[in-house]
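Chains as they are written, first to last, in the numbering used here: chain A, 6 to 211; chain B, 6 to 211. Quick reminder that beta carbons are idealized off the backbone N, C-alpha and C, glycines included.
Number of protein chains: 2
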Amino acid sequence: MKKLTRRQQEVFETIICLMKEQEYPPTIKELTERLGAASRNTAVKHLAMLDRKGYIEWKKNTARGIKVLEHKGLLDSRDEWSLPLVGAVTAGMPMLAEENIERYMPIPKYLLQVAERHFLLRVRGESMCNAGILNGDLVVVRSQLEADIGDIVVALLENEATVKRLAVKDGQRYLKAENPAFPDIFPGREWSIQGKVVALMRETVV
Amino acid sequence: MKKLTRRQQEVFETIICLMKEQEYPPTIKELTERLGAASRNTAVKHLAMLDRKGYIEWKKNTARGIKVLEHKGLLDSRDEWSLPLVGAVTAGMPMLAEENIERYMPIPKYLLQVAERHFLLRVRGESMCNAGILNGDLVVVRSQLEADIGDIVVALLENEATVKRLAVKDGQRYLKAENPAFPDIFPGREWSIQGKVVALMRETVV
DNA sequence: AATAAGGGTGAATATGATATCACCCTTATT
DNA sequence: AATAAGGGTGATATCATATTCACCCTTATT
């Protein structure tokens, strides 16, 4: 991408700034004023240049027709997915039924490739602390009914969801707690894998 | 918030849809067309209603003057901060100098209250694994030169940054590794606290 | 039967926003 | 000395957009 002059950089940042303030792009008039310029043509020329250099997309004859293009992460819009935070995990087929969804939370895109078939779960308890998963952590789960040995999974036993590592002993699969104080679980009758933990977020209480 | 009629819900979703397509709000004309209505006044009336019911903010005499307000997480925009990912941590005053910043990454707002004085750091090594911080984790650090005993801090010793827990023994502060295999560090001559770890993100390699 | 509210039409009007012209200044580059 | 490029001014023409008015239909509610 072609480099910007100091002034062009300034104009570019002003656009981003105005977009964050208003939630939509500025008009040429607004931009002119914020730049402290007297003539709108000043803004017009800069927009044309920023468009030519690939920093924005400028649609002609369109009010606020400015689209800021990705620029080394300076612009963060559209870099997130919206995933459902699941409260109660239930056994009935549609785990993501309306009632189970507490709210939607934005998750950075770099934590997962696609948004489909993912949901969030708040971890309760210390049974996985040796795997770096603490009480209160928010885990991103990919919804799937199978998993590989060694994966950290969300399993459903008797209407209760639990996060454990999938392990095998004597040819039998079981759920291994990553904390010696907690027992491993050798599931009895009915149990199922609901998904695999693919990412994690922790907010420290300050 | 007042409930929407079926049609109003439809209009509302159409607006969000158009915003995602274009990256800026639609004009009344565009909205009218997308709704399949013949008269712009149809769109105008709906906009007025959505504004009155608190779903949007509609600025008069303004092209594309539509702001979609928060609606149970359906709209995820602007829920993130853009923080610098620091590569090399250096001793020279401006830790956040241009050269040190690898890139900017969007961080969900709920992980921290304000964006000011925060940066990101990629954790290397296993010395903090008992505190739930693993190799490769991305920690969100609040930039501060002091910290309380028990805080997990980013410390700078001899031009190297390290993440440890701040502890005290015999009245002397030291850096405690949360992994018995790693030694605690009793800093010698020059060392400093650069910040406090306030959040964490982990992306599991799938 | 009368009324209110949601939803819609069509056209005139006002105004906000964009496009473009000619022209100016300064600083490098050739 | 000539030229090109960045940066800027001011005015005008044109277009896109928003606003408003009068009027229509349907479905509940009173």
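At a cut-off of 8 Å between C-beta atoms, LEU180(B) does not count as an interface residue with respect to chain A. If you draw a straight line from the Cα of ARG170(A) to the Cα of ARG207(A), it comes to about 19 Å.
By the Cβ test, the segment 143 to 154 of chain A is in contact with the segment 196 to 206 of chain A, since at least three Cβ pairs between them sit closer than 8 Å.
Proximity of THR32(A) to chain B, defined by a Cβ-Cβ separation below 8 Å, is satisfied.
DSSP places ARG147(B) in the strand class (E or B) of the three-state scheme. Under the Cβ criterion of 8 Å, GLU208(B) is counted among the residues facing chain A. Excluding five sequence positions before and after ASP153(A), the CB atoms of its chain that fall closer than 8 Å to its own CB belong to LEU171, given in chain order. With 16 or more other Cβ atoms inside 10 Å of its own Cβ, LEU126(A) counts as buried. In the structure shown, the three-state DSSP call for VAL119(B) is coil. Residues of chain A whose Cβ lies closer than 8 Å to the Cβ of TYR29(B) are, in chain order, TYR29, PRO30, ARG69, GLY70, ILE71 and LYS72. Using a Cβ-Cβ cut-off of 9 Å, VAL158(B) is close to nothing in chain A; its nearest Cβ partner there is about 12 Å away. Under the Cβ criterion of 8 Å, GLY137(B) is counted among the residues facing chain A.
In this structure, the CA atom of ASP56(A) is about 10 Å from the CA atom of LYS50(A). For LEU9(A), there are no neighbours in chain B by C-beta distance under 9 Å, as the nearest C-beta there is about 15 Å away.
The DSSP-derived three-state label of ILE138(A) is coil.
In this structure, the CA atom of TRP196(A) is about 35 Å from the CA atom of GLU183(B).
Straight across, the Cα-Cα distance linking ILE21(B) with THR37(B) is about 14 Å.
Between the beta-carbon of PRO192(B) and that of LEU150(B) there is about 14 Å, and that puts the pair past the 8 Å contact cut. Between GLY141(A) and LEU139(B), the CB-CB gap reaches or exceeds 8 Å. The beta strand (DSSP E) runs lying completely inside the segment 33 to 81 of chain A and spanning 3 residues or more are 61 to 63 and 71 to 73, given in chain order. With its beta carbon less than 8 Å from one in chain B, ILE112(A) belongs to the interface. Under the Cβ distance rule, LEU40(B) does not count among the residues neighbouring chain A, no pair being separated by less than 8 Å.
The DSSP assignment places no complete run of the alpha helix (DSSP H) inside the segment 148 to 188 of chain B (cut-off: 4 residues).
Around MET133(B), the same chain offers VAL168 and GLU183 as residues with beta carbons nearer than 6 Å, after the five sequence neighbours per side are excluded.
The beta carbon of VAL119(A) does not come within 8 Å of any beta carbon belonging to chain B, so the residue lies off that interface.
Listed along the chain, the chain A residues whose CB falls inside 7 Å of the CB of LEU125(B) amount to none; the nearest CB is some 11 Å away.
In the three-state reduction of the DSSP assignment, GLU131(A) falls in the coil class. Chain A places a beta carbon closer than 8 Å to that of VAL202(B), counting this residue as a contact. DSSP places ARG12(A) in the uninterrupted alpha helix (DSSP H) bounded by 11 to 27.
Among the CB atoms of chain B, one or more fall inside 8 Å of the CB of CYS134(A).
In the three-state scheme derived from DSSP, where H, G and I count as helix and E and B as strand, LYS201(A) is classed as strand.
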